[in-house]
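K.L.:
This structure is in C-alpha cells; I'll ask about it shortly.
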Amino acid sequence: MTELRIGAPNEKQRRFLLDRHRHIAYGGARGGGKSWAVRTKAKLLALRYAGIKLLIVRRTLRELQNNHIDPLRQELAGIAKYKAADKRFEFPNGSTITFGYCACDGDLDRYQGAEYDVIFIDEAGQLQKAWIDAINACVRGTNGLPKRTYYTLNPGGPGHGYFKRLFIDRRFEAGEEPENYSFVQA
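Sequential numbering of the sequence shown, starting at 297, is according to this note's numbering.
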C-alpha cells in the first residue's frame, strides 16, 4: 500500500480538521482552502475508522468531479480503489467515501434510506434548506463511529440565511442544540 501524504494545513484548516462538534461549518471568501480541508478530513476519517461511511455532496456532478473526485483519484492512488459507476472510493479497511449531488428536488431520491456516519456538504449555501435537511437525515447508525456533518460556505445562495442564523447569529430553533454547532472562519 502506498503511504498517504498530506500537506500541512493552515491554522484555520487545522481548527476545522480537529473540530468534533456534530455540525461544523467552515466559511468565508473563496480561496480559503475549504475543499482541500474536506478532502483531507474525509481521508483521515476513512483511514482511522474501519468501515466508516462518508458522503461528500456538492450541487452538481461536474463540481464534484473537478473539486473532489479528480484530486482524490491522484491523492488516493494505491491507497483506495475508485469505483466510477458507484462514485465511491473503497478502502482496504472497509471504509468508503461516496459522492453525491443535489441540484433539484428529484436528486433527493438517491438519499432515501441511505445511511452515512459523516457527511460533507461542500458549498452548502448553494443548496436549499429542505435539501440540506433531507441529506442530513442520512447521518445515522448504531455502529459507534462519529456522527457529524461538515459544511463549507461562501456568502450567498439559497441556504445563506439558514447558515447565517445557525453559525453567525447563533439563533437556534426547537431541536437545535447550540453546543452541537461550531463555526470556523476561513
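Beta carbons: idealized from backbone N, C-alpha and C, even for Gly. Everything numeric in this text was worked out from a predicted model, so none of it was measured.
State buried or exposed for Thr448, treating a residue as buried only when at least 16 other CB atoms are found within 10 Å of its CB.
P.N.:
Indexing the sequence shown from 1 puts residue 448 at position 152. By the 10 Å Cβ count, Thr448 comes out buried.
K.L.:
Ordered along the chain, which non-local residues of its own chain (more than five positions away) have a Cβ less than 6 Å from that of Phe468?
P.N.:
To locate residue 468, count along the sequence shown from 1; it is residue 172. Closer than 6 Å at Cβ, skipping near neighbours: Pro474.
K.L.:
Do Tyr397 and Thr356 have their beta-carbon atoms positioned less than 8 Å apart in this structure?
P.N.:
On the sequence shown, residue 356 is found 60 positions in, with the first residue counted as 1. On the sequence shown, residue 397 is found 101 positions in, with the first residue counted as 1. Yes, Cβ-Cβ distance for Thr356 and Tyr397 is below 8 Å.
K.L.:
Considering only their Cβ atoms, is the gap separating Ala338 from Phe416 smaller than 8 Å?
P.N.:
Along the sequence shown, read from residue 1 onward, the residue named residue 416 stands at position 120. Along the sequence shown, read from residue 1 onward, the residue named residue 338 stands at position 42. Contact: yes.
K.L.:
Apart from the five residues on each side of it in sequence, which residues of its chain come closer than 6 Å, Cβ to Cβ, to Gly324?
P.N.:
The residue labelled residue 324 in the question sits at position 28 within the sequence shown. Within the same chain, Gly324 has close Cβ partners Gln481, Ala482.
K.L.:
With a 10 Å radius around its C-beta and 16 neighbouring C-beta atoms as the bar for buried, classify Asn363 as buried or exposed.
P.N.:
The count along the sequence shown starts at 1 and reaches residue 363 at position 67. Label assigned to Asn363: buried.
K.L.:
Determine the DSSP secondary structure at Gln481, reduced to helix, strand or coil.
P.N.:
Taking the first residue of the sequence shown as position 1, residue 481 is located at position 185. Strand.
K.L.:
For Ile264 and Leu300, which I take to be in contact (beta-carbon distance under 8 Å), what is that distance rounded to the nearest angstrom?
P.N.:
Any question about residue 264 goes unanswered here, given that the chain covers just 297 to 482.
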